[in-house]
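Undergrad: Numbering (my numbering), first residue to last: 23 to 480.
Please read through the structure below; I'll follow up with questions.
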Amino acid sequence: MKGERKIRTRFAPSPTGYLHIGNARTSLFNFLFAKHHNGSFILRIEDTDRLRSNLEFEASILEDLKWLGLEWNDIPYRQSERLNIYRDFPERLLREGKAYECYCSEERLHELRKKQMSAGMPPRYDGRCRTSPAISEDTAPTIRFKVSDKTIIFNDLIHKKMVFNSKIFGDFIIMGSDGVPTYNFAVVIDDSLMEITHVIRGDDHLSNTPKQILLFEALGFKVPEYAHLPLILGKDATPLSKRHGQFSVAELRKNGFIPAAILNYLCHLGWSPEKEFMSLKEAIDTFSIEKVSKSPSIFDIERLKKFNRIYIEKSSTEYLINNMGCYFDKNIPKENLENLIKEAKKEAVLLGDIPEIIQPFLEEPVFESDAKEVLTFPHTKRILNALIREIDKVTVLNKTIYENIINNLKQKTGEKGKNLFMPIRAALTGRIEGLELEKVFFLLGREKILERIEKWKI
Numbered sequence: 023m024k025g026e027r028k029i030r031t032r033f034a035p036s037p038t039g040y041l042h043i044g045n046a047r048t049s050l051f052n053f054l055f056a057k058h059h060n061g062s063f064i065l066r067i068e069d070t071d072r073l074r075s076n077l078e079f080e081a082s083i084l085e086d087l088k089w090l091g092l093e094w095n096d097i098p099y100r101q102s103e104r105l106n107i108y109r110d111f112p113e114r115l116l117r118e119g120k121a122y123e124c125y126c127s128e129e130r131l132h133e134l135r136k137k138q139m140s141a142g143m144p145p146r147y148d149g150r151c152r153t154s155p156a157i158s159e160d161t162a163p164t165i166r167f168k169v170s171d172k173t174i175i176f177n178d179l180i181h182k183k184m185v186f187n188s189k190i191f192g193d194f195i196i197m198g199s200d201g202v203p204t205y206n207f208a209v210v211i212d213d214s215l216m217e218i219t220h221v222i223r224g225d226d227h228l229s230n231t232p233k234q235i236l237l238f239e240a241l242g243f244k245v246p247e248y249a250h251l252p253l254i255l256g257k258d259a260t261p262l263s264k265r266h267g268q269f270s271v272a273e274l275r276k277n278g279f280i281p282a283a284i285l286n287y288l289c290h291l292g293w294s295p296e297k298e299f300m301s302l303k304e305a306i307d308t309f310s311i312e313k314v315s316k317s318p319s320i321f322d323i324e325r326l327k328k329f330n331r332i333y334i335e336k337s338s339t340e341y342l343i344n345n346m347g348c349y350f351d352k353n354i355p356k357e358n359l360e361n362l363i364k365e366a367k368k369e370a371v372l373l374g375d376i377p378e379i380i381q382p383f384l385e386e387p388v389f390e391s392d393a394k395e396v397l398t399f400p401h402t403k404r405i406l407n408a409l410i411r412e413i414d415k416v417t418v419l420n421k422t423i424y425e426n427i428i429n430n431l432k433q434k435t436g437e438k439g440k441n442l443f444m445p446i447r448a449a450l451t452g453r454i455e456g457l458e459l460e461k462v463f464f465l466l467g468r469e470k471i472l473e474r475i476e477k478w479k480i
């Protein structure tokens, strides 16, 4: 890395919605980069948009980051608490002749943009107040930054050499008439005062970067290095954002996804690590911002489910119990619950699947419609009656005894495969799919098997 400065990255969400997958990926890559270089990961809430910022969203973002395990250094910074800090800097630029007061009304600016766009020109301020300010005592001015005609060149760690001409944006506002700094101005001051060395964010911010570089230079601040991440697209090929609500971290959490699976999957959206499955520590050790692709990624919920299934199976039963305590009766013996979850986690895709899988073993089964239909088949009674006779012959159940019972049923009923197993499963669990029938036998035990089948015998 250049220089001797300690690496400091920042994640700077606006609390105008829940933490969506795109921002979660941005926070993860900032976290990985900082930790890979033994640096600091800073959290900054950019809440100067008073109308859209919401404390509920802010609390949710903080909670989701903690849940994901992306703990930040320092306290969370809030731009709304730093307004006094920002106000000195526009005055400095005014004194140095690098900025000026603008008294143009919204109506004039709207008409100017309208004319420029109708003429096929990019909308930009025409510099009226730069040369001939129409000072009005009744109007609080905005403050605009003087942009000189120049080419801005910077090396993006992902996109490589980037070139912009300042003519495309003209003199831009850095302080509103209400005394609140604009996004680009507040970001530059914060990044400098917080000693941010690397700005890692979505490439939808690329157009902001040349403006920010000009401000860094005008204020005499060191320009950080930039890395603009490729966008994450939804299946509709539009950028994944807050309006794709079902893909917010809060929704994924509610729907039974676990942090390790989400983080591991996010590593594959833009970055291509050698290992498909890896821990957060392994991701920190191997992360390379230079290996992040320029191309957009598609968010695939089915692939995320694949990761989730793997991580649920790898999770300890204690972890699963602690994260699903609300689903279970506290009076269930812990040993019984652990045995059930040990089997159920091999089949579960989402956390909520586990209580559904083990429900028939904790209480009387709720019979699904297709199971009820199977129990009306002509051969079902014959199979269940034969099963009762086989179970009556044994006092315990083990693998050998189970196999003997099944072989005897095949011989005595002439049924096999689904025709044999489905009626038994339906009678015991109220379902036609689920854990292996052998596991069902062991988890229910001899007495409960007899009790449930007795209800269906002739």
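By construction, the Cβ of each residue, glycine as well, lies at the ideal position given by its N, Cα and C atoms.
1) Is the separation between the beta-carbon of residue 86 and that of residue 36 shorter than 8 Å?
2) Could you tell me the distance, in whole angstroms, from the CA atom of residue 307 to the CA atom of residue 58?
3) Under the rule that 16 or more other beta-carbon atoms within 10 Å means buried, what is residue 143, buried or exposed?
4) Return the residue from the list 450, 49 and 104 that minimises the CA-CA distance to residue 384.
5) Quick check on the DSSP output: what are the complete beta strand (DSSP E) runs of length 3 or more inside the segment 166 to 206, in order along the chain?
6) Rounded to a whole number of angstroms, what is the C-alpha to C-alpha distance between residue 121 and residue 112?
7) Counting only the same chain and skipping the five closest in sequence on each side, list residues whose C-beta sits under 6 Å from that of residue 207.
8) Helix, strand or coil: how does DSSP classify residue 126 here?
9) Note the first and the last residue of the continuous alpha helix (DSSP H) segment covering residue 287.
10) Does the CB of residue 402 have a neighbour CB from chain C at under 8 Å?
11) State whether the segment 121 to 132 contacts the segment 152 to 168, with contact taken as three or more CB pairs (one from each stretch) at a distance under 8 Å.
12) So does residue 47 have its beta carbon nearer than 7 Å to some heavy atom of the ligand ADP?
13) In whole angstroms, give me the CA-to-CA distance for residue 117 and residue 292.
14) Given residue 357, which residues of its chain have a CB within under 7 Å of its CB, disregarding the five upstream and five downstream residues?
15) What residue range does the beta strand (DSSP E) around residue 96 cover?
16) Using a Cβ-Cβ cut-off of 8 Å (strictly less than) and excluding sequence neighbours within five positions of residue 47, which residues of its own chain qualify?
17) Grab me the residues of residue 23's own chain with a C-beta within less than 7 Å of its C-beta, minus the 5 sequence neighbours each way, in chain order.
18) Taking C-alpha atoms, which residue in 192, 445, 286 and 203 lies nearest to residue 110?
19) With DSSP as the reference, please indicate the residues paired to residue 422 in a beta bridge.
20) Look at the Cβ atom of residue 405, then the Cβ atom of residue 372, and state whether they are nearer than 8 Å.
21) Could you check where the beta strand (DSSP E) with residue 249 kicks off and where it finishes?
22) Which residues mark the beginning and the end of the alpha helix (DSSP H) in which residue 62 is found?
23) For residue 224, which residues does DSSP report across the bridge?
24) Rounded to whole angstroms, what's the CA-CA distance from residue 270 to residue 41? Just pull it up for me.
25) Among 369, 397, 359 and 403, which has the Cα closest to the Cα of residue 466?
26) Please report the distance separating the alpha-carbon of residue 472 from that of residue 414.
27) If we count the other Cβ atoms within 10 Å of its Cβ and call it buried at 16 or more, is residue 303 buried or exposed?
28) Under the three-state reduction of DSSP, which class applies to residue 30: helix, strand or coil?
29) Which class does residue 320 belong to by DSSP, given the choice of helix, strand or coil?
30) Is residue 132 helix, strand or coil by DSSP?
31) Quick one: what's residue 121 bridged to in DSSP?
32) Nearest to residue 175 by alpha carbon, out of 166, 185, 168 and 279?
33) Using the DSSP secondary-structure output, state which residues sit across from residue 261 in a beta bridge.
34) Ignore the nearest five residues each way along the sequence and tell me which others in residue 161's own chain have a CB closer than 6 Å to its CB.
TA: Taking the geometry as given:
1) Numbered from 1 along the sequence shown, position 64 holds the residue referred to as residue 86. Numbered from 1 along the sequence shown, position 14 holds the residue referred to as residue 36. Not closer than 8 Å, so no.
2) As a first step, residue 307 is located in the sequence shown; it is residue number 285 there, counting from the start. As a first step, residue 58 is located in the sequence shown; it is residue number 36 there, counting from the start. Cα-Cα distance, rounded: 6 Å.
3) As a working note, residue 143 is residue 121 in the sequence shown. By the Cβ-count criterion, residue 143 is exposed, with fewer than 16 other Cβ atoms from all chains shown falling within 10 Å of its own Cβ.
4) The residue you call residue 384 lines up with position 362 of the sequence shown. Closest option to residue 384, Cα to Cα, is 450.
5) For the segment 166 to 206, whole beta strand (DSSP E) runs of length 3 or above, ordered along the chain, are 173 to 178, 182 to 187 and 194 to 197.
6) Sequence index remark: in the sequence shown, residue 121 carries index 99 (1-based). Sequence index remark: in the sequence shown, residue 112 carries index 90 (1-based). Taking the straight line joining both Cα atoms gives about 7 Å.
7) Taking the first residue of the sequence shown as 1, we reach residue 207 at position 185. Closer than 6 Å at Cβ, skipping near neighbours: 196.
8) For the purposes of this step, residue 126 is identified with residue 104 of the sequence shown, where counting begins at 1. Secondary structure at residue 126: coil, using DSSP grouped into helix, strand and coil.
9) Reading the sequence shown from its first residue, position 265 is the one you call residue 287. 281 to 289 is the extent of the alpha helix (DSSP H) around residue 287.
10) Checking the listed chains, one finds no chain C in this structure; it contains a single protein chain.
11) Short answer: they touch.
12) The model depicted lacks the ligand ADP and carries no ligand whatsoever.
13) As a first step, residue 117 is located in the sequence shown; it is residue number 95 there, counting from the start. As a first step, residue 292 is located in the sequence shown; it is residue number 270 there, counting from the start. Rounded to whole angstroms, residue 117 to residue 292 spans 44 Å at the Cα level.
14) Sequence index remark: in the sequence shown, residue 357 carries index 335 (1-based). Same-chain partners within the cutoff: there are none.
15) Locating residue 96 in the sequence shown gives position 74, counting from the first residue. Taken as a continuous stretch (DSSP letters only), the beta strand (DSSP E) holding residue 96 covers 95 to 100.
16) Residue mapping note: residue 47 aligns to position 25 of the sequence shown, counting from 1. Residues 251, 254, 288, 291 and 292 of the same chain have their beta carbon placed closer than 8 Å to that of residue 47, with the five preceding and five following residues left out of the count.
17) Against the sequence shown, residue 23 aligns to sequence position 1. Confidence is the limiting factor: at residue 23 the pLDDT is only 47, short of 50, which leaves the residue's position unreliable and the question unanswerable from this model.
18) Here residue 110 refers to the residue found at position 88 when the sequence shown is read from its first residue. Taking only the C-alpha atoms, the option nearest residue 110 is 203.
19) One-based indexing of the sequence shown puts residue 422 at position 400. The beta-bridge partner set that DSSP reports for residue 422 is empty.
20) Within the sequence shown, residue 405 is the residue found at index 383, counting from 1. Within the sequence shown, residue 372 is the residue found at index 350, counting from 1. No. Outside cutoff.
21) Here the question's residue 249 lines up with position 227 in the sequence shown. For residue 249, the enclosing beta strand (DSSP E) begins and ends at 247 to 251.
22) As a first step, residue 62 must be located in the sequence shown, where it is residue number 40. Counting along the chain, residue 62 falls outside any alpha helix (DSSP H), though it belongs to the beta strand (DSSP E) covering 62 to 67.
23) Residue 224 sits at position 202 when you count from the first residue of the sequence shown. In the DSSP output, where bridge partners are listed per residue, residue 224 has 251.
24) Here residue 270 refers to the residue found at position 248 of the sequence shown. Here residue 41 refers to the residue found at position 19 of the sequence shown. When rounded, the distance between both Cα atoms is 6 Å.
25) Residue 466 sits at position 444 when you count from the first residue of the sequence shown. For residue 466, the nearest C-alpha among the options comes from 359.
26) On the sequence shown, position 450 is the one that residue 472 refers to. On the sequence shown, position 392 is the one that residue 414 refers to. Roughly 8 Å between the two C-alpha positions.
27) Locating residue 303 in the sequence shown gives position 281, where the first residue counts as 1. For residue 303, the number of other beta carbons within 10 angstroms of its own is below 16, and it is reported as exposed.
28) Position 8 of the sequence shown holds residue 30. Strand.
29) Walking along the sequence shown from the start, residue 320 turns up at place 298. DSSP, reduced to helix, strand and coil, places residue 320 within a strand of the structure shown.
30) As a working mapping, residue 132 is identified with position 110 in the sequence shown. Three-state result, residue 132: helix.
31) Within the sequence shown, residue 121 is the residue found at index 99, counting from 1. Per DSSP, 167.
32) Position 153 of the sequence shown, counted from the first residue, corresponds to residue 175. Looking from the CA of residue 175, the closest CA among 166, 185, 168 and 279 belongs to 185.
33) Numbered from its first residue, the sequence shown carries residue 261 at position 239. Bridge partners of residue 261: 255.
34) To locate residue 161, count along the sequence shown from 1; it is residue 139. Excluding sequence neighbours, residue 161 sits near 125.
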